[in-house]
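K.L.:
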Amino acid sequence: MPLPSDFAQKYGPWALVTGGSAGIGLQFSHQLAAAGLNIAIAALGEEELIKAAGEIREKYGVETKYLLVDLTSEDGWRNVVESYDDIEVGLLVNNAGIETHGSLFRDPVEKHVNIIDLNCKALVALTHAFGRRMVDRKRGGIIFTSSLLSTPAPFFATYSASKSFVTSFGRAVREEFIRYNVQVTVSEPGIVESDMSKNIAKNMDFSKSGFSIQKPDDCTLSFQMFRGGGSKKSAAPEGVKTEFVFADGAKDDVQLSGDWNDWKAIQMFHEGAGTWSVVTPVPPGPHEFKFIVDGEWKHSERHPTIGIDETSLNNVRYVLPEPDLGSSEDTRSKSGHRPQRRDSRASSASVDSSASRRKKGTGFFSKK
Ligand SMILES: NC(=O)c1ccc[n+]([C@@H]2O[C@H](COP(=O)([O-])OP(=O)(O)OC[C@H]3O[C@@H](n4cnc5c(N)ncnc54)[C@H](OP(=O)(O)O)[C@@H]3O)[C@@H](O)[C@H]2O)c1
104 MPLPSDFAQK YGPWALVTGG SAGIGLQFSH QLAAAGLNIA IAALGEEELI
154 KAAGEIREKY GVETKYLLVD LTSEDGWRNV VESYDDIEVG LLVNNAGIET
204 HGSLFRDPVE KHVNIIDLNC KALVALTHAF GRRMVDRKRG GIIFTSSLLS
254 TPAPFFATYS ASKSFVTSFG RAVREEFIRY NVQVTVSEPG IVESDMSKNI
304 AKNMDFSKSG FSIQKPDDCT LSFQMFRGGG SKKSAAPEGV KTEFVFADGA
354 KDDVQLSGDW NDWKAIQMFH EGAGTWSVVT PVPPGPHEFK FIVDGEWKHS
404 ERHPTIGIDE TSLNNVRYVL PEPDLGSSED TRSKSGHRPQ RRDSRASSAS
454 VDSSASRRKK GTGFFSKK
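Quick note, the numbering used here runs 103 ahead of the 1-based positions in the sequence shown.
1. Would you report the Cα separation of Asp472 and Pro387, rounded to the nearest angstrom?
2. Looking at Lys168 and ligand 1, is the gap between the Cβ and the nearest heavy atom below 8 Å?
3. Closest to Trp366 by C-alpha separation, out of Ala353, Ile395, Thr378 and Val343, would be which residue?
4. By the 10 Å Cβ neighbour count, where 16 or more other Cβ atoms means buried, how is Asp397 classified, buried or exposed?
5. Nearest to Tyr376 by alpha carbon, out of Glu291, Glu166 and Ala260?
6. Which two residues bound the contiguous alpha helix (DSSP H) that contains Thr248?
7. Is Glu166 closer than 9 Å to Arg236 when the C-beta atoms are compared?
8. Using a threshold of 8 Å, is the CB atom of Asn141 nearer than that to any non-hydrogen atom of ligand 1?
9. CB His204 to CB Ile303, shorter than 9 Å?
10. Going by C-alpha to C-alpha distance, which of Tyr163, Ala125 and Ser360 sits closest to Lys401?
11. Consider the C-beta atom of Ser267 and the heavy atoms of ligand 1; say whether any pair is separated by less than 8 Å.
12. Quick check on Ser124: does DSSP put it in helix, strand or coil?
13. Report the option in Leu147, Leu251, Gly193 and Ile219 whose CA atom is closest to the CA atom of Lys113.
14. Thinking just about the alpha-carbon of each residue, which of Pro319, Ala275 and Leu170 is nearest to the one in His133?
15. Should Met307 be listed as close to ligand 1, given that the test is whether its C-beta is under 8 Å from any heavy atom?
16. Below 8 Å on the Cβ atoms is my guess for Thr230 versus Leu195; work out the distance and round it to an integer in Å.
17. Give me the Cβ distance between Val183 and Ala155, rounded to the nearest whole Å; I'm assuming they're in contact under 8 Å.
18. If you reduce the DSSP assignment to three classes, tell me which class Pro442 lands in.
19. Which residues in the same chain as Tyr492 place their Cβ atom closer than 7 Å to its Cβ, once the five residues preceding and following it in sequence are excluded?
20. In three-state DSSP terms, what is Ser380?
21. Just to confirm, is the Cβ distance from Thr175 to Leu221 under 9 Å?
22. How long is the line joining the alpha carbons of Ser430 and Arg282, rounded to whole angstroms?
23. Comparing C-alpha positions only, which one of Phe259, Trp363, Val172 and Pro424 sits nearest to Ser250?
24. According to DSSP, is His390 part of a helix, a strand, or is it coil?
25. Give the secondary structure of Trp366 by DSSP, where H, G and I count as helix, E and B as strand, and everything else as coil.
26. From Thr139 to Leu207, what does the alpha carbon distance come to, in whole angstroms?
27. So does Tyr163 have its beta carbon nearer than 8 Å to some heavy atom of ligand 1?
28. Helix or strand or just coil, what does DSSP make of Ala199?
29. Rounded C-beta distance between Ile159 and Val295? I'm assuming under 8 Å.
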């Protein structure tokens, strides 16, 4: 499905895609170029960079730039920040990543440290630099390529820990940036055809994993976020815009249900690659919630839980009050910018009343 025609106008003229010359990143580069964005790619292999930039320029008639850079080093990410200082990066795709698998001791320690340098450190540095410019402009978007292995995965210990970082960082930043009209999405693909997965397949039989192998364009479905999917008005009470995510497996439908609105179901939106999300106002304080997944009440393994048995087990979350941006040390807020509120993407609907009743009053937090 093509992106909307005003996509480039909405975010800005350039997309910077790390690792945008191969695999999933190359797919991002093509899709963004098809939407009219100029493409800047930062990656390691010169041949692939030249090829990708040339093909994209020719096929879509957009401008391209590329930078041969090793993002595991500080020199590398600083080079990207400085080199692309003169273009308006409207979309940053934090995609470059490396992995190691097998016993922790199969590879030398440098390989593990490199994973953290690339998958985590460079990503923070680029988000800090380009995200700040987007926040100042009050437009832009950031896509993080995390992974389904963002929960502890034995034999992928360093890689899965790095992807936990990506998911956690990306989702936190998303909530911070929403108020500045900067959209952030975190994609958590499963197994995707690429050099990375081919390398893993040498030592691991994917057919036994229970996962089907995705094509790179399957993971770029996270663009649904940017397509404005689910921009319905919320009937939920006022509160702090809070994001909830479900990525534990669902066939057709996921709804959120929590104690802050008497367990009324809130429709979640499929971002692609098995991730469902919604941003909805929640009053500050401790809250219990659960998901209705294809009609069944479920808690998520990815959120903390409270309860004593399967029926009473709920997810829990402490929603912090909105920070006082006016008195923050952040220079932008002193310059008079008021945080912008976006329309909530949440919609409320009635759930099966017996299920709703079942959830009511099971709270372990005492509510006012
Ligand atoms: N494939 C999967 O099954 C899968 C599943 C979940 C998540 N992911 C994530 O998706 C992202 C893309 O992976 P992929 O499968 O498309 O892998 P890929 O085909 O191996 O592509 C990785 C990209 O990262 C770049 N890169 C690697 N090391 C770099 C460095 N030191 N400095 C700068 N760029 C560097 C590569 O550049 P060169 O080609 O120039 O070396 C390449 O463009 C990664 O973050 C990965 O963790 C992949």
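Every residue, glycine too, gets a C-beta built ideally from N, C-alpha and C.
P.N.:
Taking the definition as stated:
1. Past the boundaries of the shown model lies residue 472; the chain is included only from 104 to 471, so the question cannot be answered.
2. No, since every heavy atom of ligand 1 falls outside the 8 Å radius drawn around the Cβ of Lys168.
3. If we check each option's Cα against that of Trp366, Ile395 comes out closest.
4. Its Cβ having fewer than 16 others within 10 Å, Asp397 is exposed.
5. Reading off the sequence shown, one finds Ala at residue 376, where the question assumed Tyr. Nearest C-alpha to Ala376: Glu291.
6. Where Thr248 is concerned, there is no enclosing alpha helix (DSSP H), although the beta strand (DSSP E) it sits in stretches over Gly243 to Thr248.
7. no
8. no
9. yes
10. The shortest C-alpha separation from Lys401 is found at Ser360.
11. no
12. Three-state DSSP puts Ser124 in coil, outside helix and strand.
13. Gly193
14. Pro319
15. no
16. 7 Å
17. Rounded, the Cβ-Cβ distance is 16 Å, inconsistent with contact.
18. Here the model assigns Pro442 a pLDDT of 31, short of 50, so the residue's position is not dependable and the matter cannot be decided.
19. Given a span of 104 to 471 for the chain in the structure shown, any question on residue 492 remains unanswerable.
20. Here Ser380 sits in strand by DSSP.
21. yes
22. Note that Ser430 scores a pLDDT of 35, beneath 50, so its modelled location is shaky; the value from the coordinates is reported in the next line. Rounded to the nearest angstrom, the two C-alpha atoms are 16 Å apart.
23. Phe259
24. Here DSSP, grouped into helix, strand and coil, assigns His390 to strand.
25. coil
26. Per the sequence shown, residue 139 should be read as Gly rather than Thr. The alpha-carbon atoms of Gly139 and Leu207 are separated by roughly 43 Å.
27. no
28. coil
29. With 8 Å as the limit, Ile159 and Val295 do not qualify as a contact, their Cβ atoms being about 20 Å apart.
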